[in-house]
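**Q** With numbering that gives the first Met the number 0 applied, the sequence shown corresponds to residues 0 to 149, in that order. Cβ atoms here follow ideal geometry from the backbone N, Cα and C, with glycine treated the same way. Keep in mind it's a predicted model, so treat the numbers as computed, not measured. Please read through the structure below; I'll follow up with questions.
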Amino acid sequence: MKVRMDHYQANPNVYQAMSRLERQVTESGLDRVLYELIKIRASQINGCAYCLDMHTTEMRQLGESEQRIALVSVWREAPCYTDQEKAVLELTEAVTRIADGGVPQVVYDRVRSFFNEKETMDLIFAINVINCWNRIAITTGMFPGCRDEG
């Protein structure tokens with residue numbers, strides 16, 4: 000496998016803008032575990048091995064169990080997620096697959112039962128940021144370990 004291009008070097012200004020957006024979401028107060036669940040689920044849907052590897056590793060570093068990491072793709076059938084986490088995962092799926100019917104009102108309402116407007120926007124931005132990173136990584140040919148080849 001070979002990376003097609005180093006997007007960090009190819010356009011540093013855009014990379015820095017994306018990094019600022021990522022930092023804004025990270026510093027928004029959004030729970031770190033929720034953010035990693037978002038990143039894992041979106042990366043699974045998008046088929047981004049690079050990001051999936053990175054964010055499952057980060058979940059382990061946060062002390063999450065292998066069960067909670069392994070079952071993200073089948074969260075509906077897994078009792079190890081809270082109702083709040085399930086609402087976030089459902090929103091993540093709807094936003095990531097936005098062309099398949101948008102975000103149903105019932106999904107939005109479920110999220111709003113747990114989060115205020117600002118927190119809901121934090122979630123929406125978080126989902127969009129990882130979707131953007133997934134698309135960059137996939138398009139430029141990134142794969143697990145490629146940044147270590149140096």
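#1: Assuming I135 and K38 are in contact, meaning their beta carbons sit under 8 Å apart, how far apart are those beta carbons, in whole angstroms?
#2: Answer with buried or exposed for Q15, where buried requires no fewer than 16 other C-beta atoms within 10 angstroms of its C-beta.
#3: Can you say whether A93 is buried or exposed, counting buried as having 16 or more other CB atoms within 10 angstroms of its CB?
#4: My output table needs one value for K124: the three-state DSSP class, helix, strand or coil.
#5: Ignore the nearest five residues each way along the sequence and tell me which others in K85's own chain have a CB closer than 7 Å to its CB.
#6: Entirely within the region 85-149 and at least 4 residues each: give me those alpha helix (DSSP H) ranges in chain order.
#7: Can you give me the C-alpha to C-alpha distance between Q8 and T119, rounded to a whole angstrom?
#8: Ordered along the chain, which non-local residues of its own chain (more than five positions away) have a Cβ less than 8 Å from that of G149?
#9: Mapping DSSP to helix, strand and coil, what is R80?
#10: Would I44 and R96 qualify as a contact pair, given that the criterion is a beta-carbon distance under 9 Å?
#11: When you compare the region 131-145 with the region 43-61, are there three or more beta-carbon pairs, one atom per stretch, that lie closer than 8 Å?
#12: Kindly list the residues whose CB is nearer than 6 Å to the CB of I137, restricted to its own chain and excluding five residues on each side of it in sequence; keep chain order.
**A** Inspection of the coordinates gives the following:
#1: Residue mapping note: residue 135 aligns to position 136 of the sequence shown, counting from 1. Residue mapping note: residue 38 aligns to position 39 of the sequence shown, counting from 1. Not confirmed; about 14 Å, so no contact.
#2: If you number the sequence shown from 1, residue 15 lands on position 16. So Q15 ends up on the exposed side.
#3: Start at 1 with the first residue of the sequence shown, and residue 93 comes out as number 94. With 16 or more Cβ atoms within 10 Å of its Cβ, A93 is classed as buried.
#4: Indexing the sequence shown from 1 puts residue 124 at position 125. According to the sequence as given, residue 124 is Phe; it is not Lys. The three-state secondary structure of F124, taken from DSSP, is helix.
#5: On the sequence shown, residue 85 is found 86 positions in, with the first residue counted as 1. W74, listed in sequence order.
#6: 104-111 and 116-138
#7: As a first step, residue 8 is located in the sequence shown; it is residue number 9 there, counting from the start. As a first step, residue 119 is located in the sequence shown; it is residue number 120 there, counting from the start. Using only the alpha carbons, I get a separation of about 33 Å.
#8: As a first step, residue 149 must be located in the sequence shown, where it is residue number 150. Because the pLDDT at G149 is just 46, under 50, the model does not fix this residue reliably, and the value given afterwards should be weighed accordingly. Correct list: empty, nothing qualifies.
#9: Translated into the one-based positions of the sequence shown, residue 80 becomes position 81. The question names Arg, but residue 80 in the sequence shown is Tyr. Y80 falls in the coil class under three-state DSSP.
#10: In the sequence shown, counting from the first residue as 1, residue 44 sits at position 45. In the sequence shown, counting from the first residue as 1, residue 96 sits at position 97. In this structure, R96 lies closer than 9 Å to I44 by Cβ.
#11: The region 131-145 and the region 43-61 touch, with no fewer than 3 CB-CB distances between them shorter than 8 Å.
#12: Position 138 of the sequence shown, counting from 1, holds the residue named residue 137. So the list reads C47, once near-sequence residues are dropped.
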